[in-house]
Amino acid sequence: MTGRPVASPPFRANVLADGSTIVARATAAGRGALAVVRISGPAVPAIARALLDPHPDEPRRAAHTTVREASGAVLDDVVAVRYMAPHSFTGEDLLEITTHGGLVVPAAVVAAAIAAGAREAAPGEFTRRAVLNGKLDLLQAEAIGDLIDARSSAAHRMALRQLDGGLSRRINALRERVLELEALLAYDIDFPEEDDGPVPRQRIALATDDLLQSLGALLATEKQGTLVHEGALVVLAGAPNVGKSSLFNALLGEARAIVTDVPGTTRDAIEAVLDLPRWPLRLVDTAGLRKTSDEVERLGIEVSSRYAAQAAVVIACGDTAASLASAMAAVRERSGAPVVSVLTKADIATGEPPADADVAVSALTGSGLRRLLELVETRITDSHGEPTVDQPALTHARHRAAVERATAELRAFAESWRDDLLPATVAAVHVRAAADALGELIGDVRVDDVLDVVFRRFCVGK
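Our numbering numbers the first residue of the sequence shown as 1 and each following residue consecutively.
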């Protein structure tokens with residue numbers, strides 16, 4: 001799956017500079033029915049002839065064949081598909097061999113490919129070659145990693161949208177507008193006495209203001225994009241032994257936290273993803289908030305405080321009116337996030353629920369759990385708007401930093417242009433820097449450091 005490339009990188013080549021051919025297992029190691037080994041590079045035809053008997057001649061057609069090592073010993077009965085450059089994922093000659101699963105067979109096939117002239121691929125090197133050969137841009141490459149790492153349906157949909165080029169097209173359109181602004185400046189600088197006369201300063205100022213508004217709108221998507229990509233952090237907080245861990249387990253539908261009658265059992269934060277229809281939640285069970293002389297528990301409480309400070313929503317838990325009030329006070333000391341106040345253990349509570357409780361729940365019977373999740377989603381929506389996973393959005397710190405840098409450069413240009421502080425030739429440097437910052441997002445760069453940042457987290461074989 002390659003998506004649609006939306007921008008051409010500054011360099012295209014069917015073979016990387018070192019001319020190497022790479023091999024790696026593309027499926028996770030371990031017990032399974034099948035495994036896929038991928039080989040990409042100029043030596044693929046020779047390696048295919050050395051390993052496969054018979055080797056497939058027709059591209060893009062699955063062939064039933066046998067893998068043999070150099071001695072002629074049979075390694076496995078496989079299905080192989082050849083892809084000819086540039087019509088492959090990497091843009092190079094590529095061979096995919098589907099072997100039986102497990103540990104031994106695919107490892108033996110990789111070893112045979114290395115003996116035949118390939119080298120082991122680095123993490124993300126297949127996708128990196130796809131970027132360098134113009135099959136994907138850098139944002140689409142990141143989307144592949146996001147798709148693999150997606151822990152919720154919303155993150156999955158957003159990654160697919162980015163892989164399809166939605167964000168790339170938006171960034172590319174903005175960059176084209178910046179380049180048009182630079183062209184206006186160049187015309188004004190180089191041809192000031194043409195028949196059309198100099199470009200009106202107001203025209204350039206208005207174009208800059210429009211660009212700043214568009215960049216601001218794109219930056220505004222970052223918070224929601226990050227929430228969808230990573231999950232909204234929802235922290236359960238309250239005193240020890242009020243039922244936080246039981247509630248955590250009940251919301252997940254499985255026992256993830258240890259539940260006992262001993263206060264202070266949870267000594268560290270426990271996190272799990274809850275995939276809801278509108279928002280994915282990173283649900284965190286934390287240590288009980290109280291004063292303690294136990295050093296280990298105190299460290300756990302410090303962790304709880306840090307989570308509460310970063311939360312999108314805090315669920316304040318108490319099993320009585322007094323403990324709920326105490327939890328609310330403790331949460332407000334530590335966090336400015338929206339709070340949902342929850343009376344726990346509703347199945348054994350006596351009397352009316354406290355007036356300040358948003359919902360009463362029972363981990364034992366399940367009552368109130370659905371209402372609690374509805375309230376959490378409502379609090380997040382009130383703060384961040386309705387989720388728009390099908391719209392292009394910034395989802396990584398790298399995205400935000402690049403757009404912020406472009407914005408800062410255009411603001412610097414706008415100020416110098418408005419007040420006539422700098423010659424046009426000097427002020428135009430800010431516009432070029434803004435275009436470069438946006439180009440860096442989609443991979444229109446000639447340096448490797450940005451690529452290294454993106455592919456550092458990729459798995460081998462992708």
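No residue lacks a Cβ here, since even glycine has one placed at the ideal position from N, Cα and C.
P423 counts as exposed, since fewer than 16 other beta carbons sit within 10 angstroms of its beta carbon. The C-beta separation of T395 from H229 comes to about 4 Å, placing the pair in contact by the 8 Å criterion. E142 and A393 have their C-alpha atoms spaced approximately 13 Å apart. Here D18 is not bridged, per DSSP, to any residue. In terms of CA proximity to S305, D285 leads the group D285, A322 and T320. Rounded to whole angstroms, E120 and V37 show a C-alpha spacing of 11 Å. Apart from the 5 residues on each side of it in sequence, L252 sits with its Cβ closer than 6 Å to the Cβ of A272 in its chain, given in chain order. Looking at the backbone, the Cα of P59 and that of Y83 are separated by about 5 Å. Bridge pairing for C459: absent [DSSP]. Excluding five sequence positions before and after E182, the CB atoms of its chain that fall closer than 8 Å to its own CB belong to A428, V431, R432 and A435, given in chain order.
Within the same chain, Cβ atoms closer than 7 Å to the Cβ of G117 are found at T21, A43, A46 and I47, the five residues on either side in sequence being excluded. Per DSSP, S153 is one residue of the alpha helix (DSSP H) stretching across S153 to L163.
For V23, same chain residues with a beta-carbon under 6 Å away, outside a window of 5 residues either side, are I39, V110, A113 and A118 in chain order. Per DSSP, I270 is one residue of the beta strand (DSSP E) stretching across I270 to D275. Nearest C-alpha to A321 among R334, A312 and S341: S341. Excluding its 5 nearest sequence neighbours in each direction, Q391 has C-beta neighbours in its own chain below 8 Å: R161, G166 and T221, listed in chain order.
Boundaries for T395: no alpha helix (DSSP H) harbours it, and the DSSP string shows neither H nor E there.
DSSP, read as helix, strand or coil, puts I97 in strand. For V429, no beta strand (DSSP E) segment is defined; the enclosing uninterrupted segment is the alpha helix (DSSP H) at A424 to I442. For H64, the uninterrupted beta strand (DSSP E) run begins and ends at A63 to R68, by DSSP. For the pair L163 and R68, the Cα-to-Cα distance works out to about 37 Å. According to DSSP, residue pairing for G318 in a beta bridge involves L343. In summary, T407 is buried, with 16 or more beta-carbon neighbours lying within 10 Å of its beta-carbon over all protein chains present. Remark: C-beta atoms of G91 and N133 approach each other more closely than 9 Å. For V313, the three-state secondary structure derived from DSSP is strand.
Below 8 Å, enough C-beta pairs join the region 317-332 and the region 230-242 to call them touching: three or more. When secondary structure is reduced to three states using DSSP, I114 falls in the helix class. With fewer than 16 other Cβ atoms inside 10 Å of its own Cβ, L103 counts as exposed.
The continuous stretches of beta strand (DSSP E) do not include L136, and DSSP gives it neither H nor E. About 4 Å separates the beta carbon of A337 from that of A311, a gap short enough to meet the 8 Å contact definition. Within the DSSP bridge table, the entry for L236 names D285 and I315 as partners. Less than 9 Å divides the Cβ of R282 from the Cβ of L233.
Each of S246, T99 and H64 was checked against the Cα of G32, and the nearest Cα belongs to T99.
For G366 against A360, the beta-carbon gap comes to about 12 Å, at or over 8 Å, which does not count as contact. Here I39 carries a strand assignment [DSSP, helix/strand/coil].
A24 carries a strand assignment under DSSP once its states are collapsed to helix, strand and coil.
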